[in-house]
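S.K.: The structure is given below, and queries will be raised subsequently.
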Amino acid sequence: MDRNKIQASILDFIYIKRRLMLFLAFIAALVIPISSTRLDNLRQLTDQSVMKWVVALNSFYVNQFRTFTTLITTGVDSTIVFFQNMLDFYSQLIQFNLEIISEVGYFLTGLYIIIPLLIILFVIYFIVNYVNRSNFFKLFSPKKLIIILLFIPLTVDYLWIGTIVAIFLACYWYIDNLQQEKSENTRLSYVELISWKKTIIFVTLIFIFLISLTSHFSDDVYSITSFTNIDPNLLMIGIISALVPIAVIWVIFSSQISDRTVLDVIKIKYKEKMNIKQVVYFIFLLIFGIPLLDTLVLQSSSSGITFFLLNLPWIMGYMIHNPLDFSGELITLIKDSFDIIVNAARQISNGMIPIRPSDISILGAIQPAFWITLLLFIIFLLLYVVYLIMYELSMDSLTDWKIGLRRHSNFLKVAVLFFVLFVFVYVFDPQNYNRLFGDSYEMQTDSFASFLSLGILLTFIGVSLAAIAWGIIQVRQGRSRSIIASSILINGTAVAIAIIMVVPFIWMIKNSIQTNAQNSVDFAQQGLIPDPFTTRNYAQIFGLVPAPYETLEYQVVTWLFNSIVTALFVTGFLVIFSAMAGYCLAKRNFIGRKLLFTLIIAIQMVPPYVQVIPLYLELNRLGFVGSLLGVIFPFLIQPFSIFLCAEFMRGIPDDYLDAARVDGYSEFEIFRKIVLPLSIPVISVMVIINIIGNWNAFMWPLLLLDQSEFAPLLRTLPLGIYHINAELQEQAGVILALATVIVLPIFVILFLAQDYIKKGVSVEGLKG
Amino acid sequence: MTEVKMENVTKRFGDKLVLDNININIADKELVVFVGPSGCGKSTAMRCVAGLEEITSGKVYIGDKVVNIMPSKDRDIAFIFQNYALYPHMTVYDNLAFGLRARKSIVDVDDPKAKPRKFRPDEIDEKVKVAARILKIEDLLKRKPTELSGGQQQRVAMGRAIVRQPKVFLMDEPLSNLDAKLRSHMRTELKRLQIDLGVTTIYVTHDQAEAMTLGDRIACMHEGIFQQIGTPEEVYDKPVNKFVAGFIGSPSMNFIEGKLDGSDFVTPVFSLNLPESMVTSILKNATDVNNIILGIRPEDIEDREFALNPSVENIVAVKVMVRENYGSDIFLSVLVDSIEFNARVNTATTASVDQRMDLVFDMSRVHIFDGKTEKNLTI
Numbered sequence: 005m006d007r008n009k010i011q012a013s014i015l016d017f018i019y020i021k022r023r024l025m026l027f028l029a030f031i032a033a034l035v036i037p038i039s040s041t042r043l044d045n046l047r048q049l050t051d052q053s054v055m056k057w058v059v060a061l062n063s064f065y066v067n068q069f070r071t072f073t074t075l076i077t078t079g080v081d082s083t084i085v086f087f088q089n090m091l092d093f094y095s096q097l098i099q100f101n102l103e104i105i106s107e108v109g110y111f112l113t114g115l116y117i118i119i120p121l122l123i124i125l126f127v128i129y130f131i132v133n134y135v136n137r138s139n140f141f142k143l144f145s146p147k148k149l150i151i152i153l154l155f156i157p158l159t160v161d162y163l164w165i166g167t168i169v170a171i172f173l174a175c176y177w178y179i180d181n182l183q184q185e186k187s188e189n190t191r192l193s194y195v196e197l198i199s200w201k202k203t204i205i206f207v208t209l210i211f212i213f214l215i216s217l218t219s220h221f222s223d224d225v226y227s228i229t230s231f232t233n234i235d236p237n238l239l240m241i242g243i244i245s246a247l248v249p250i251a252v253i254w255v256i257f258s259s260q261i262s263d264r265t266v267l268d269v270i271k272i273k274y275k276e277k278m279n280i281k282q283v284v285y286f287i288f289l290l291i292f293g294i295p296l297l298d299t300l301v302l303q304s305s306s307s308g309i310t311f312f313l314l315n316l317p318w319i320m321g322y323m324i325h326n327p328l329d330f331s332g333e334l335i336t337l338i339k340d341s342f343d344i345i346v347n348a349a350r351q352i353s354n355g356m357i358p359i360r361p362s363d364i365s366i367l368g369a370i371q372p373a374f375w376i377t378l379l380l381f382i383i384f385l386l387l388y389v390v391y392l393i394m395y396e397l398s399m400d401s402l403t404d405w406k407i408g409l410r411r412h413s414n415f416l417k418v419a420v421l422f423f424v425l426f427v428f429v430y431v432f433d434p435q436n437y438n439r440l441f442g443d444s445y446e447m448q449t450d451s452f453a454s455f456l457s458l459g460i461l462l463t464f465i466g467v468s469l470a471a472i473a474w475g476i477i478q479v480r481q482g483r484s485r486s487i488i489a490s491s492i493l494i495n496g497t498a499v500a501i502a503i504i505m506v507v508p509f510i511w512m513i514k515n516s517i518q519t520n521a522q523n524s525v526d527f528a529q530q531g532l533i534p535d536p537f538t539t540r541n542y543a544q545i546f547g548l549v550p551a552p553y554e555t556l557e558y559q560v561v562t563w564l565f566n567s568i569v570t571a572l573f574v575t576g577f578l579v580i581f582s583a584m585a586g587y588c589l590a591k592r593n594f595i596g597r598k599l600l601f602t603l604i605i606a607i608q609m610v611p612p613y614v615q616v617i618p619l620y621l622e623l624n625r626l627g628f629v630g631s632l633l634g635v636i637f638p639f640l641i642q643p644f645s646i647f648l649c650a651e652f653m654r655g656i657p658d659d660y661l662d663a664a665r666v667d668g669y670s671e672f673e674i675f676r677k678i679v680l681p682l683s684i685p686v687i688s689v690m691v692i693i694n695i696i697g698n699w700n701a702f703m704w705p706l707l708l709l710d711q712s713e714f715a716p717l718l719r720t721l722p723l724g725i726y727h728i729n730a731e732l733q734e735q736a737g738v739i740l741a742l743a744t745v746i747v748l749p750i751f752v753i754l755f756l757a758q759d760y761i762k763k764g765v766s767v768e769g770l771k772g
Numbered sequence: 286m287t288e289v290k291m292e293n294v295t296k297r298f299g300d301k302l303v304l305d306n307i308n309i310n311i312a313d314k315e316l317v318v319f320v321g322p323s324g325c326g327k328s329t330a331m332r333c334v335a336g337l338e339e340i341t342s343g344k345v346y347i348g349d350k351v352v353n354i355m356p357s358k359d360r361d362i363a364f365i366f367q368n369y370a371l372y373p374h375m376t377v378y379d380n381l382a383f384g385l386r387a388r389k390s391i392v393d394v395d396d397p398k399a400k401p402r403k404f405r406p407d408e409i410d411e412k413v414k415v416a417a418r419i420l421k422i423e424d425l426l427k428r429k430p431t432e433l434s435g436g437q438q439q440r441v442a443m444g445r446a447i448v449r450q451p452k453v454f455l456m457d458e459p460l461s462n463l464d465a466k467l468r469s470h471m472r473t474e475l476k477r478l479q480i481d482l483g484v485t486t487i488y489v490t491h492d493q494a495e496a497m498t499l500g501d502r503i504a505c506m507h508e509g510i511f512q513q514i515g516t517p518e519e520v521y522d523k524p525v526n527k528f529v530a531g532f533i534g535s536p537s538m539n540f541i542e543g544k545l546d547g548s549d550f551v552t553p554v555f556s557l558n559l560p561e562s563m564v565t566s567i568l569k570n571a572t573d574v575n576n577i578i579l580g581i582r583p584e585d586i587e588d589r590e591f592a593l594n595p596s597v598e599n600i601v602a603v604k605v606m607v608r609e610n611y612g613s614d615i616f617l618s619v620l621v622d623s624i625e626f627n628a629r630v631n632t633a634t635t636a637s638v639d640q641r642m643d644l645v646f647d648m649s650r651v652h653i654f655d656g657k658t659e660k661n662l663t664i
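Top line first, the protein sequences correspond to chains A and B. Numbers in the working numbering are just positions in the first sequence, counted from 1, shifted up by 4. Numbers in the working numbering are just positions in the second sequence, counted from 1, shifted up by 285.
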């Protein structure tokens, strides 16, 4: 191979293996920021945390082993007793001692008779189906053996043996796979075979092996439960007991949407999923996967999911015995975990990193370098897109770089996402404010207020004259006088109304950049351009300069964060729920559809203020008062949005859905890939209306958030301005600055979404 | 080898019986047209094959598998809709690729151990390009469906079906949204394409001309029952009952009520002599010889001056009500006392409106139907 060829193949490789490249780049970006001190930290951590982490794994297995041995021994004991009794039963029966039947009871008699039959049947079935074809043994490919071997050794003493064997097997499997693929796909270039998925699996496996190996020498237990304060058992109860109703709902839902009976759905799904292979995998997953997850994610040493699984009957009993209590526990769990997440995010938004670097965890070691990693990765992504486009241009598969940019927009999207994340965190770090705003400065100019007043008058007269002149010209050209006159009148009125509407906003922005001394002057005397102007008000609300009164609690960043959280959560979920519900109501047939739809319309008739007291009481009992969840939760489902969606989606031709159904798309994919894109007009209306509505929401936040002891932390922006307003009578500038901050996002949204709003209004006009 | 078979298929919507115990065997590579007036259940029958409707009872086979509860995605069919169902938010390319992106299928046919997998982007690209080349829409790939003309949209819809290389095509009035000229053009192309690809096809239409020209066989449907299944010639020349006779052929067959008197067909105003063979089969099959219907196609009625075998026994004196000149033919709508019927006569005819004239019936081409059961008594 000559040099050019190698070069070309390397270039090909970089082009083709995009995801592998991204993966490697991310690893590199993770590693590069590690300076020597950080390396020391990391080394310390690998000495401490990884080992501790791993010991947790070990002690978990020990405990698990003990539990299992106890279970197995007692199980075996009772089985032996059972079979002894059965033998007695038969020996008595052979001697025609029929009284034995009434002695052991009819139930046991039945069991004794059925069990031998079942065993015989099973053996025959097994022999016929699996032994002959030896399918059963083919289940264990090297890849699966690795995983099994990795988790079968239950104690520290044997773990390392399994690990070493597993490493050998993994290497074998990786190489074997490559060779196999190479021989199968001879036309593919060799580089194409190094799949990113396999590489990731391989790297992860090696990582786990290393942990397992080091674990041999470790002795302490580390738990993250102390950090999150969530009982892992409770969490698992939540997840697993949520799965059951979800499964039931899913089965019923899919039977309804596919016009099949529930039994048919189960039958089809059974045929699709339940071959012996899947079942075996599932059992392996249950036995080995869950403890792994338990240990890696929750890092609880000896309880967790396995504990939960063993206690499943008790939990079921608890659920049946006292469902209210149980659901109360669940709600507390949801609320607690949400609060923890929000608190952590809030800290990030305040420029703090929620996990302290002193924490003994991998996360803690990486955290300080995380933002640098992010930046590096963004740069890499951008460069990579440039490379891809250049490559394609050079290979003549692309004529225009703009098309390439569009083709690789996924990378750009990720880059932009990371960048936004970075900017958000970086900018909202209070330490950076001084760099952004600096000390407040003042610009001195001469007053020309009187000139401006004259200017306004002259502009008005000029515009009027121009309109008249335009009208006269139009009339001379032969247009109808009445039409021209009315158009001038209508447009003139519209402009006048627009000016009246806009002036308060302009006044707000203007006064927010004036000093208090200026603001206290009479409005007419102030002039149009603030003179001098200051950014001190903004600096003050963001806490960059000390507030004039110490009693004031400016927590604008927190409030801003709360507002964003509520608006985005409500809007996001509302849109998803409404679109899904609307789709079902519009396009699917199920029992009670019409009744449901009527109910949804009927609910709209109930005035919102009637709901205030019952809703408050309900939320209070659930413990949502004094939590952001209380502002979010009740508004996730709104009948009007569902109604709007349903009415709009009814207009989508059924043939679109049928076509996709024939093409092999599932019901959810149809919803996502066809119904959702076609419903963008109505969805954008919902998004805009709800974002604005929730951003400006005042009553519910006032009722739910303002009473609690953490009130200053929980306020949304409108609540905040309400309080500042009460506390700060003569500081108009500050209040208006805050008002500007509140209004600004809405302005931006309206500006960006003009077209959609116009479309949406017409949608509403047609349908609503 | 893909045969489609419907065995005793019944479909109800609530109380309404839409398909009443229908049976049909569609051979491999055959194009069968379901034709019938609107609301006769022909679309429903096809949707049952597609799996978009579940049948109430009976069996549907595709290949040798019963597909009653198989979801339509697993039946390996392609459906072309009347309004094409092209997704307006996707480009033509994406529309074509849509079906390929969905499913896992056995791509590497040669390899017996191959597992089902999704198509790779380059494979999809290749298939889309091939389909586009077949249908000559290569330069439209980057456009959105709304930017295409009706004929182009029709081609894209075809492309979406053929790109998946399904076992069966199901077409639901695919040409009815096109204008007349384009329709006949697309009809030819569609037929050629079906022959080239050799895919079993079910084609639903209410247009009997389309059915006659396209179908290898025609399944004529009425009130949820296949009235007759046969080649276009069979259906045209030997309609089993009055409905089929009236539905197939344009303009439709004339029906004249009357009775049998000896070997004559007698109406209150005129009588016609029937051939001997017809009379015997009528006497054998009819429920009531005094209540029979004579059916004759307009082209079998000719002006006396141009008729080949005029005789006293098959001549009717009529009064011309309407005269329509089609260039190649002249259609006359005529009246005998209270009986009205149509005739297609030679363009050289001198007949004009309100004029009296003599018409000759080609009695060998006449069909006689039972007045009660409406069955054809002469085949």
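Note that the Cβ used here is the ideal one computed from N, Cα and C, for glycine as well. Since we're looking at a predicted model, the values are computed, not measured.
Can you name, in chain order, every residue of its own chain whose Cβ lies under 7 Å from the Cβ of Val679 of chain A, other than the five neighbours on each side?
M.R.: Same-chain partners within the cutoff: Tyr587, Met653, Ile656.
S.K.: Using only the alpha-carbon positions, how far apart do Leu416 of chain A and Met375 of chain B sit?
M.R.: Computed Cα separation, rounded: 21 Å.
S.K.: Is the number of C-beta pairs between the region 656 to 671 of chain A and the region 600 to 609 of chain A that are closer than 8 Å three or more?
M.R.: No contact exists between the region 656 to 671 of chain A and the region 600 to 609 of chain A.
S.K.: Please tell me whether Leu425 of chain B and Gln437 of chain B are closer than 8 Å, where the distance is taken between their beta carbons.
M.R.: Contact: yes.
S.K.: Here's the rule: buried if 16 or more other CB atoms are within 10 angstroms of the residue's CB, otherwise exposed. What is Gln481 of chain A?
M.R.: Classification of Gln481 of chain A: exposed, given that the 10 Å Cβ count is below 16.
S.K.: Tell whether a beta-carbon distance below 8 Å holds between His412 of chain A and Ile382 of chain A.
M.R.: Not closer than 8 Å, so no.
S.K.: Does the CB of Ile118 of chain A have a neighbour CB from chain B at under 8 Å?
M.R.: By this cut-off, Ile118 of chain A is not an interface position.
S.K.: Name the DSSP bridge partner or partners of Asp639 of chain B?
M.R.: Partner(s): none; Asp639 of chain B has no beta bridge.
S.K.: Excluding the 5 residues flanking Met512 of chain A on each side, which residues of the same chain have their C-beta closer than 8 Å to its C-beta?
M.R.: So the qualifying residues of the chain are Leu740, Ala743, Thr744, Val747.
S.K.: Hey, Ala416 of chain B and Gly444 of chain B: beta-carbon distance below 8 Å or not?
M.R.: Result yes, Cβ atoms of Ala416 of chain B and Gly444 of chain B sit closer than 8 Å.
S.K.: In chain A, what lies closer than 8 Å to Ala370 of chain B by C-beta?
M.R.: Those are Pro657, Asp659, Tyr660, Asp662, Ala663, listed as they occur along chain A.
S.K.: To which residues does DSSP link Thr78 of chain A through a beta bridge?
M.R.: None; Thr78 of chain A has no bridge partner.
S.K.: So which residues on chain B does Arg654 of chain A lean against when the C-beta distance must stay under 9 Å?
M.R.: Near Arg654 of chain A there are no residues of chain B at all, since even the closest Cβ is about 16 Å away, more than 9 Å.
S.K.: Quick one: what's Phe511 of chain B bridged to in DSSP?
M.R.: According to DSSP, which records beta bridges pairwise, Phe511 of chain B is partnered with B:Met506.
S.K.: State the start and end residues of the unbroken beta strand (DSSP E) segment that holds Gly455 of chain B.
M.R.: One detail in the question is off: residue 455 of chain B reads as Leu in this sequence, not Gly. That run of the beta strand (DSSP E) goes 453 to 457.
S.K.: Are the C-beta of Arg410 of chain A and some C-beta of chain B separated by less than 8 Å?
M.R.: Chain B contact via Cβ: absent.
S.K.: Ile409 of chain B versus chain A: which residues are under 8 Å apart at the beta carbon?
M.R.: Here the premise fails: no neighbours, minimum Cβ distance about 13 Å.
S.K.: Tell me the DSSP bridge mates of Tyr488 of chain B?
M.R.: Answer is B:Val318, B:Met456, bridged to Tyr488 of chain B.
S.K.: In chain B, which residues lie less than 7 Å from Pro681 of chain A when you measure between Cβ atoms?
M.R.: Correct list: His374.
S.K.: Going by the beta-carbon positions, is the gap between Asn576 of chain B and Phe654 of chain B smaller than 8 Å?
M.R.: Contact flag unset, no.
S.K.: May I have the straight-line CA-CA distance separating Phe540 of chain B from Tyr611 of chain B, to the nearest angstrom?
M.R.: About 23 Å.
S.K.: Tell me which residues share the same chain as Thr565 of chain B and place their Cβ nearer than 7 Å to its Cβ, disregarding the 5 neighbours each side in the sequence.
M.R.: Hits under 7 Å: none found.
S.K.: Alpha carbon to alpha carbon, how far is Asp546 of chain B from Ile624 of chain B?
M.R.: Each residue's alpha carbon lies about 19 Å from the other.
S.K.: What would DSSP say about Asp359 of chain B, mapped onto helix, strand or coil?
M.R.: Looking at Asp359 of chain B - three-state DSSP - the assignment turns out to be helix.
S.K.: Determine whether the Cβ of Ile605 of chain A lies closer than 8 Å to any Cβ atom of chain B.
M.R.: Taking Cβ atoms only, chain B never reaches closer than 8 Å to Ile605 of chain A, which makes this a no.
S.K.: Taking the straight line between their C-alpha atoms, what separation do you get for Leu706 of chain A and Ile510 of chain A?
M.R.: Whole-angstrom Cα-Cα distance: 28 Å.
S.K.: Can you have a look at Met399 of chain A and say buried or exposed, based on whether 16 or more other CB atoms are within 10 angstroms of its CB?
M.R.: Exposed.
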